[in-house]
Amino acid sequence: MIDRREFLRRGGVSAAALAVMSARPGQLHAGPVPEAASLARFQEGASKELLMVALDATKGAGASYADARIGRYRQNFVVTREQQIINVVDTDTLGCGVRVLVDGCWGFAGTRLLTRDAIVGAAREATAIAKANRIARDRPVELAAAPAVPNGVWKGAFKTDPLEVPLEQKVDLLLKANAEALKVKGVRFVNSVLFFVKQDRLFANTDGTLTDQVFVRSWPMFTATAVAPDFSDFQSRQGVEAAPMGRGWEYVLDCDLVGNARRWGEEAAQKLTARPVEVGKYDLVLDPSNLWLTIHESIGHPTELDRALGYEANYAGTSFVAPPQSKLGSFRYGPEIMNIQGDRSQEGALSTIGWDDDGVVPDDFMIIKNGVVNDYQTTREQAPWLKWWYDRQGVPTRSHGCAYADNWGSVSFQRMPNVSLLPGAREQGFDDLIAATDRGIAIIGDGSFSIDQQRYNAQFGGQVYYEIKGGKIAGMLKDVAYQIRTPDFWNSMDMIGGKRSYRLNGSFFDGKGQPGQSNAVSHGCVPSRFRNVSVINTGRKG
Amino acid sequence: MNPVAVEPGRYTVILEATAVANLVQGLSRAMSARNADEGRSFFSRQGGGNKVGMKVVDERVTLVSDPFDPACPGDAFDGDGLPARKTTWIENGVMKNLAYDRWWAQKQGREPSSTAGTLRMLGGDASMDDLIASTERGILVTRFWYIRPVDQRTILSTGLTRDGTFLIENGKVTRPIKNFRYNESPVFMLNNLEAMGRPVRVSATESGGPGTAIIVPPIKVRDFSFTSLSDAV
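Structure representation (structure tokens):
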């Protein structure tokens, strides 16, 4: 669930960037800037000792479990249009959060001061909050067992830290790409942005786990807009194939914005003369650059266990994949060829991490197996709720490692791992699916998106649309959006690509919870075909 | 409650004030003068320029931002650092002003305009009961949710009804119905205006936060476009 105005306000990103962000999720929680002495202590490596101070302070206060996180969370955004820099945003925040369990109730408190006194104070406050929370206890929290990781060190799949790259290089790249698109006849405007996030996170808990992790996310964003000379129409093309990744500056260079900008510009201009789609039912061939968002909304969110149990009802909503007792092992989400994996292990993916914010090593697990619901996304607190199912399957009750807090001062809760459609056995790709289709529409790129609070009814747009006739592309279409009822849509999937066609895409800002928190998550998938899907024409005149 | 399924299509709707605010906010967000002058907005005028001075919606519609309105006070200063002041966007259906930031205003020889984070739409005298009683067949909508822009050329957005959608028959609310997905534009909606109720202040965010201070009337509108049904409750 995503609030882009909130994102703009909190992120300090100028309104001029709004156009390029219009199809994106976003809440951005930048905390206070680091306090100077705390930053010095953090950089001198005092964090591990301070984590132990936090845990020690919770002992003797009745805590059955405690964990503490010290993290530095940084962001750097560079926003341009045409040949101007619109905005440069840097955020930096550092602090410690302490979470405790007392009599089966959580308490949490944080501090931006990395001193013994401040951290002891936060630990005591967390304990007092946990005790106060007992009055509202429904059932005591029990944590699934997780093996201790005494000295875990993990680094994300980045080579060059984007925060170390000079601003001039970032601006130069964007303005060169902008200039390439502006060479195309009809392209009048270009907006481009580089988003970078870096998180240095240390974690310790009373089970004996101590981890130290650093990860980086990068997202180049590009939009070319063509305007008809008489102002009768305008069309945009976002370069969504340059997906956000858990990689560094080297990935941004690999995206070849300058090389792709002209094509994106040409497609924006081409959309001005594309044929409006006729309303009806079509077979859809969806490129991974489009399908990832459909997976995110219609599979990723409804298989979050907290939502399935009603926890997010007030905001982003619950789930139609509920209750778990009536769905696990029996609900047919899609065809036999549909296998959906949850993981935090794919190299370079946004949700990939060594240990989650419960201190758990995430595992790879099948959310949907041969088309049938097989599991949910879980944390240590949630896994025991499905013990009956895991017992029946003969597998241990363990968390899938989906705990995440978006800041040192946020409480961790269940957030999405990478949720991906696995490739089919047959080696085939986007072009093969088109060749096998008599009458349909091929869609590249994600566009507008909206889904109801139980994840049944959704509508998705795209970036470019091609009519398919007799197995061939028969020209470009515009004003296309498809509407789905989730289980009907997935059950209509009859062809999927093979390994070589597997691509990662993802969401840089995915919101959940009240107060809202932001997560980043990748979705891998293969091009896939869906039969007889309802398509509307969005280009209404009145 | 057993909500019944009603066939999607164009309906006369009565939108509670929150639902009106959900869509009218989209209109106010699309008012960038620069985008209009650049040809990439609903407010671009065919042939060049923008729609200031043109009638864009029903003549009963007036939309203002007034930071001094005690019922929805705004910020003292706007995002450009200028003192907040009253701006009339639409008066009697005619576009009076677009959102000029200081730079674009100077370039175009205009005064900068200010939203000050508030919005007020003038209304009528009808009560909700009056609006319902005057409707032979229609849909009553509490609010919309997961609203996302679809087509900037018409400010068309999509989203779903949530928290109570009802059928009106012969001037009475007769039964709860399943949620609808809509695809609609506030511009079309305010051109298809039938009647307006008394304005009320609402919170029209999706996150549950207070959001923009906004006062709008409930309205009755014809030909509102629902494009599919949702099973969500």
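If you read the protein sequences in the order shown, they are chains X and B.
Taking the numbering used here, I'd label the letters of the first sequence as residues 1 to 542.
Taking the numbering used here, I'd label the letters of the second sequence as residues 1001 to 1233.
Cβ coordinates follow ideal geometry from the N, Cα and C atoms, glycine included.
In this structure, ASN532(X) sits near LYS281(X), with a CB-CB distance shorter than 8 Å. If you look at LEU477(X), you'll find it in the beta strand (DSSP E) that goes 472-478.
Counted as a single uninterrupted DSSP element, the beta strand (DSSP E) harbouring PHE508(X) occupies residues 503-512. Chain X places no beta carbon closer than 8 Å to that of GLN1108(B), leaving this residue out of the contacts. Closest in C-alpha terms to LEU284(X), from the list LEU433(X), PRO362(X), ALA177(X), MET338(X), comes LEU433(X). One thing to note: ASP343(X) has its Cβ within 8 Å of the Cβ of PRO417(X). Around the C-beta of ILE353(X), 16 or more other C-beta atoms lie within 10 Å, and the residue is accordingly described as buried. Remark: C-beta atoms of PHE222(X) and ALA242(X) approach each other more closely than 8 Å. Cα atoms of GLY462(X) and PHE1226(B): separation of roughly 21 Å, rounded to the nearest angstrom.
With respect to the 8 Å criterion, THR160(X) and GLY248(X) are classified as neighbours on the basis of their beta carbons. Remark: C-beta atoms of ALA130(X) and LEU101(X) approach each other more closely than 8 Å.
Cβ-Cβ distances below 6 Å link HIS301(X) to ARG455 in the same chain, with the five nearest sequence neighbours on each side left out; the list follows chain order. In terms of CA proximity to GLY246(X), VAL197(X) leads the group GLN238(X), ARG237(X), VAL197(X). Taken atom to atom, the span from the alpha-carbon of ASP117(X) to that of ASP138(X) is near 33 Å. Secondary structure note for PRO1149(B): its beta strand (DSSP E) is the uninterrupted segment 1137-1151. Scanning its chain for C-beta atoms nearer than 7 Å, with the 5 sequence neighbours on each side dropped, one finds around PHE215(X) the residues GLY156, GLN199, GLY246, ILE353, in chain order. In this structure, DSSP gives PHE460(X) an extended state, which the three-state scheme calls strand. Within chain X, the residues placing a beta-carbon under 7 Å from that of ASN1183(B) are ILE536, THR538, ordered along the chain.
Residue nearest to ALA1232(B) within the set PHE1180(B), PRO1210(B), MET1189(B) is PHE1180(B) (criterion: CA-CA distance). Within 7 Å of the CB of ASN1179(B), the CB atoms of chain X belong to ASP452, in sequence order along the chain. ALA126(X) is classed as buried because its beta carbon has at least 16 other beta carbons within 10 Å across all chains shown. DSSP, read as helix, strand or coil, puts PRO335(X) in coil.
For ARG262(X), there is no enclosing beta strand (DSSP E); the enclosing alpha helix (DSSP H) covers residues 257-271. For TYR1011(B), there are no C-beta contacts with chain X under 8 Å, since the nearest C-beta of that chain is about 16 Å from it. Per DSSP, reduced to three states, the secondary structure at PHE231(X) is coil, with no helix or strand assignment.
DSSP lists SER534(X) as the beta-bridge partner residues of LYS281(X).
GLU267(X) and ASN370(X) have their C-alpha atoms spaced approximately 37 Å apart.
Along the stretch 1144-1163 of chain B, going in chain order, the ones with a CB nearer than 8 Å to a CB of chain X are TRP1145, TYR1146, ILE1147, ARG1148, PRO1149, VAL1150, ASP1151, GLN1152, ARG1153, THR1154, LEU1156, THR1158, GLY1159, LEU1160, ARG1162. Contacts with chain X at 8 Å (Cβ-Cβ) include ARG1045(B). Interface with chain B (8 Å Cβ-Cβ cutoff): ALA481(X) is included. DSSP places VAL120(X) in the helix class (H, G or I) of the three-state scheme.
For the set PRO229(X), LEU210(X), ARG485(X), VAL372(X), the Cα lying nearest the Cα of TRP355(X) is the one of LEU210(X). Put simply, of LEU386(X), VAL258(X), ALA145(X), LYS176(X) the residue whose alpha carbon is nearest the alpha carbon of ALA308(X) is LEU386(X). Put simply, the CB of VAL1056(B) is far from chain X, with every gap to its CB atoms at 8 Å or more. In the DSSP assignment, GLN382(X) falls outside any beta strand (DSSP E) and carries neither an H nor an E.
Scanning chain X for C-beta atoms nearer than 8 Å to the C-beta of GLY1039(B) yields ARG188, VAL227, ALA228, PHE231, PHE234, reported in chain order.
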